[in-house]
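This note's numbering puts the first residue of the sequence shown at 29, with every later residue one more than the last.
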Amino acid sequence: MILSTTDFVPNKEIIEIVGIARGSTVRARNVGRDIFAGFKNLVGGEIDEYTQLQAESREEAIFRMTKDAEKLGAHAIINVRFTTAMIMQGTAEILAYGTAVKLK
């Protein structure tokens, strides 16, 4: 599956738009990560535990978006975007979405 943040795929012709592909995941912080984050907050710097949690969440959202596009019969997803929203205290959703297309 080709993923692109642009509205085209270089050297390919889009022959059909098959729909919107989307994938999301909702993740919660855990006590262990919060303890380490609390220490980091005292001294400053990047909070690696949360960076890793966000990276894993993005990868899961991309995986689910790709599976959704495959169900639509797409060859590529263009205009890929991410958004995030807080669902409740300590949990966040990451949504990956884009336009699923067929290529010549």
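Where a beta carbon is used, it is the ideal one built from N, C-alpha and C, also for glycine.
Exercise. CB Leu31 to CB Arg55, shorter than 8 Å?
Worked result: Not a contact, by the Cβ cut-off of 8 Å.
Exercise. When the distance is taken between beta carbons, is Ala89 closer than 8 Å to Gly51?
Worked result: A contact, by the Cβ cut-off of 8 Å.
Exercise. Since Ala128 contacts Ile42 with CB under 8 Å, what's their CB separation in whole angstroms?
Worked result: Not a contact, Cβ separation roughly 11 Å.
Exercise. Between which two residues does the beta strand (DSSP E) harbouring Phe110 extend?
Worked result: The continuous beta strand (DSSP E) containing Phe110 extends over residues 104 to 116.
Exercise. Can you round the beta-carbon distance between Met29 and Ala104 to whole angstroms, since I take them to be within the 8 Å contact cut?
Worked result: Yes, Met29 and Ala104 are in contact; Cβ-Cβ is about 7 Å, under 8 Å.
Exercise. If we ignore side chains and look at the alpha-carbon of each, how far apart do Lys132 and Glu44 end up?
Worked result: The straight-line gap from Cα to Cα measures roughly 9 Å.
Exercise. Would DSSP call Ser85 helix, strand or coil?
Worked result: If DSSP states are grouped into helix, strand and coil, Ser85 belongs with the helices.
For this session: Using three-state DSSP, classify Lys99 as helix, strand or coil.
Result: Secondary structure of Lys99 (DSSP, three-state): helix.
For this session: In angstroms with no decimal places, state the Cα-to-Cα distance between Thr111 and Leu123.
Result: Between Thr111 and Leu123, the C-alpha separation is close to 5 Å.
Exercise. Name the DSSP beta bridge partners of Thr119, please?
Worked result: Beta bridge pairing from DSSP links Thr119 with Ala56, Met116.
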